[in-house]
Amino acid sequence: MSSLTNRLSALNRRRWANFRANGRGYWSFVMVTALFLLCLFAELIANDRPLLVSFKGSLYIPVVRDYPETTFGGVFETPANYTDPYLRDLINADGWIVEPLIPYDYRTIDFNLGRPAPAPPSAAHWLGTDNQGRDVLARLLSGFRLSMLFAIALTLVSTVVGVAAGAVQGYFGGWIDLTFQRFIEIWSGLPQLFILIIVSSIVIPGFWTLLLVLLLFSWTALVPVVRAEFLRARNLDYVRAAKALGMDDVTIMAKHILPNAVVATVTFLPFIISGAVVALTSLDFLGLGMPPGSASLGELLRQGKENLQAPWLGLTGFFVIAGMLTLLIFVGEAVRDALDPRKTFS
Numbered sequence: 023m024s025s026l027t028n029r030l031s032a033l034n035r036r037r038w039a040n041f042r043a044n045g046r047g048y049w050s051f052v053m054v055t056a057l058f059l060l061c062l063f064a065e066l067i068a069n070d071r072p073l074l075v076s077f078k079g080s081l082y083i084p085v086v087r088d089y090p091e092t093t094f095g096g097v098f099e100t101p102a103n104y105t106d107p108y109l110r111d112l113i114n115a116d117g118w119i120v121e122p123l124i125p126y127d128y129r130t131i132d133f134n135l136g137r138p139a140p141a142p143p144s145a146a147h148w149l150g151t152d153n154q155g156r157d158v159l160a161r162l163l164s165g166f167r168l169s170m171l172f173a174i175a176l177t178l179v180s181t182v183v184g185v186a187a188g189a190v191q192g193y194f195g196g197w198i199d200l201t202f203q204r205f206i207e208i209w210s211g212l213p214q215l216f217i218l219i220i221v222s223s224i225v226i227p228g229f230w231t232l233l234l235v236l237l238l239f240s241w242t243a244l245v246p247v248v249r250a251e252f253l254r255a256r257n258l259d260y261v262r263a264a265k266a267l268g269m270d271d272v273t274i275m276a277k278h279i280l281p282n283a284v285v286a287t288v289t290f291l292p293f294i295i296s297g298a299v300v301a302l303t304s305l306d307f308l309g310l311g312m313p314p315g316s317a318s319l320g321e322l323l324r325q326g327k328e329n330l331q332a333p334w335l336g337l338t339g340f341f342v343i344a345g346m347l348t349l350l351i352f353v354g355e356a357v358r359d360a361l362d363p364r365k366t367f368s
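In the numbering used here, the protein residues as written are 23 to 368.
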């Protein structure tokens, strides 16, 4: 960290110091990053396959590779089912098993609940099960990862498109700016929910389908900010000098104006990420999001609504989503204040 700080410019060091001084935002960033990195390796935490198996002196890694049952002394050539007591007895007789912390995948149905699903929290299922007998905590880890990956992907792509559109508008101005502005006004007025319903009835919803559909509307969020920065900077002396020296428009936009616009853009990114999380959660809650069976936070909320006798479902979904959005908002506020030259922290 110290070597990174030494390579930063004085301005960026001040910004980083301001961000660190904002304790609420800094620790929110640390928590979000830690949770995201933890959920990236959800298969190592929650899985119905062992992490490591030793059998007759040989080591196997079932979490990353399929092995037939005959490998461990079974009868069938089909992939081993490590939840089968018969197979587990065979392995334990001549070896050992290293289990993940949660011995359930997000798709695993527990047929040994001993009571109707959804089952309340217990020693076997720390946050209970859903209405199909699947472990809520395992699905929560995968759902958090899915939401963050979707939100980050949507934010990055929409940022690239929005910055490019705003840069072209602001730099060239004139009829290009007017045409783009009228188009954005019309495009922003379209009913997004109805369009999503129509698209869901035509194609099977999925990660990339939803990303593409939401991208059609999310890219307009950054256009006004970038457009205003390019409109202001295109008439400054250093831009005029670059033009007089014969520098082409693309180079001027990318090298001389865009770095100033990026500062304003970065302040919006945490808020765009939180908006993308809300969008995916809302679509999943309405049944228009990820395919059935996918682990998502919106699907968990929908199960909570449909199973009011199981309050752990709704409460878990609510507190996770509320906590995630709160942390992202705190990070956004800290980034905004750190990039504001009028604010300093002691």
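Every residue, glycine too, gets a C-beta built ideally from N, C-alpha and C.
Since this is a predicted model, take the numbers as computed values, not measurements.
Determine the burial state of residue i: buried for a count of at least 16 other Cβ atoms within 10 Å of its Cβ, exposed for fewer.
i	result
residue 39	exposed
residue 91	buried
residue 98	exposed
residue 144	exposed
residue 142	exposed
residue 258	exposed
residue 212	exposed
residue 107	exposed
residue 339	buried
residue 356	buried
residue 32	exposed
residue 124	buried
residue 342	buried
residue 177	buried
residue 44	buried
residue 137	exposed
residue 140	buried
residue 71	buried
Report the rounded CA-to-CA distance for residue i versus residue j, giving the unit in angstroms.
i	j	result
residue 165	residue 317	5 Å
residue 290	residue 89	47 Å
residue 333	residue 77	43 Å
residue 273	residue 294	28 Å
residue 230	residue 314	15 Å
residue 311	residue 82	37 Å
residue 69	residue 63	11 Å
residue 3	residue 192	Residue 3 falls outside the range modelled here, since the chain spans only 23 to 368, and no answer is possible.
residue 182	residue 246	14 Å
residue 25	residue 132	Here residue 25 scores only 46 on pLDDT, less than 50, and its place in the model is too uncertain to base an answer on.
residue 236	residue 300	12 Å
residue 327	residue 354	31 Å
residue 329	residue 153	8 Å
residue 239	residue 209	8 Å
residue 162	residue 319	7 Å
residue 129	residue 150	14 Å
residue 29	residue 35	In this predicted model, residue 29 has a pLDDT of only 49, less than 50, meaning its place in the structure is not dependable enough to derive any value.
residue 255	residue 198	17 Å
residue 324	residue 286	37 Å
residue 135	residue 307	26 Å
residue 244	residue 348	22 Å
residue 157	residue 362	45 Å
residue 281	residue 241	19 Å
residue 233	residue 264	38 Å
residue 351	residue 148	29 Å
residue 60	residue 302	21 Å
Using a C-beta cutoff of 8 Å, does residue i count as contacting chain B?
i	result
residue 43	Absent here is chain B; the protein component of the structure consists of one chain.
What residues are listed by DSSP as bridge partners for residue i?
i	result
residue 101	90
residue 68	124
residue 157	151
residue 82	75
residue 131	156
Where do the ends of the alpha helix (DSSP H) carrying residue i lie?
i	result
residue 117	Residue 117 -> not in any alpha helix (DSSP H); beta strand (DSSP E) instead, spanning 117-120.
residue 258	Per DSSP, residue 258 belongs to no alpha helix (DSSP H) and is neither H nor E.
residue 361	Here residue 361 belongs to no alpha helix (DSSP H), and DSSP marks it neither H nor E.
residue 106	Segment: none, residue 106 is in no alpha helix (DSSP H) and carries neither H nor E.
residue 330	No alpha helix (DSSP H) holds residue 330; DSSP gives it neither H nor E.
residue 54	45-62
residue 224	214-224
residue 196	196-210
Determine the extent of the beta strand (DSSP E) in which residue i is found, giving its start and end residues.
i	result
residue 76	74-77
Starting from the N-terminal side, write out each stretch of the alpha helix (DSSP H) that is 4 residues or longer and does not extend beyond the region 240-319. 245-255, 259-266, 271-274, 280-288 and 291-308
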